[in-house]
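Reading through the structure tokens given below for one structure.
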Amino acid sequence: MSAYRHQQAQAFINVSEEELNIKDFHPVYDCVKPLSAHWRGIAISLRLEIDTINSIEASSHGNAISCLQKVLEHWLKKDYAYRTNGIPCWRMLCVAVKEGGDPALADEIAREHPLPAMPLERTTSLKGKLDECRTLRGEPKLAKQLYGTGSIHL
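Structure representation (structure tokens):
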């Protein structure tokens, strides 16, 4: 990743990195539709291959809306070097929108898709531990067997 691109990504450090896929097409498209005239710059920023970009333009006969739709379809289906350039996510889209010429829209998307406060796995495991403690509170014999004490404090 270039220093410039890294700097752009850092500007959106608090934006969700949850993986997007083709099922997310409509919400993603609704966000970026106003930038259809800048579809090529967005495609480049999303790291689509130049051959793919040229093919999109040829098959869409230059229709900007159709081109943008196909760009998003390729991106969301991970039809690019995603292992090197990153998975489709809101953060990557924000960088592309900013590079596509609309930093205000990028900021708006960033506000709508913040980074979760706590990863889901951790939330689930903590909830499980709390449930276990609440159960053991009412079962001092079991708590003593498991933890060597008859009392559990939350």
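Every letter in the sequence shown is one number past the one before it in my numbering, and letter 43, counting from 1, is 50.
Yeah, the Cβ is synthetic: ideal placement off N, Cα and C, and Gly gets one too.
Being a predicted model, the structure only gives us computed values, none of them experimental.
Does the beta-carbon distance from glycine 48 to glutamate 115 come in below 8 Å?
-> Contact: no.
Counting contacts by CB-CB distance shorter than 8 Å, is serine 67 in contact with chain D?
-> Among the chains in the structure shown there is no chain D, since it carries only a single protein chain.
Where does the unbroken alpha helix (DSSP H) through arginine 7 begin, and where does it stop?
-> Outside the modelled stretch of the chain, which goes from 8 to 161, sits residue 7, for which no answer is possible.
Inter-residue spacing [alpha-carbon to alpha-carbon] between lysine 40 and histidine 81 | Cα-Cα distance, rounded: 16 Å.
Out of Asp109, Ala113 and His120, state which residue places its alpha-carbon closest to the alpha-carbon of alanine 44.
-> The shortest Cα separation from alanine 44 among Asp109, Ala113 and His120 belongs to Asp109.
Secondary structure, alpha helix (DSSP H): runs of 4+ residues fully inside the segment 15-50 = Within the segment 15-50, complete alpha helix (DSSP H) segments of at least 4 residues are found at 32-39, given in chain order.
Could you check if glycine 69 is buried or exposed, using at least 16 other CB atoms within 10 Å of its CB as the buried criterion?
-> Exposed is the call here.
Would you grab the beta carbon distance between alanine 113 and cysteine 101 for me? Rounded to a whole angstrom, and I think it's under 8 Å.
-> Contact between alanine 113 and cysteine 101 is confirmed by a C-beta separation of about 5 Å, below the 8 Å threshold.
By Cβ distance below 6 Å, which residues in the same chain neighbour methionine 99 in space, the five residues on each side in sequence not counted?
-> For methionine 99, the CB contacts under 6 Å within the same chain, skipping 5 residues up- and downstream, are Gly93 in chain order.
Beta-carbon proximity list for phenylalanine 19, same chain, < 7 Å, skipping 5 on both sides | So the list reads Arg98, Cys101, Val102 and Ala117, once near-sequence residues are dropped.
Grouping DSSP H, G and I as helix and E and B as strand, with all else coil, what is proline 123?
-> Looking at proline 123 - three-state DSSP - the assignment turns out to be coil, as it is neither helix nor strand.
If you draw a straight line from the alpha carbon of glutamate 25 to that of alanine 65, how long is it in whole angstroms?
-> About 32 Å.
Exposure label - isoleucine 63; buried when at least 16 CB within 10 Å | Answer is buried; the Cβ neighbour count reaches 16.
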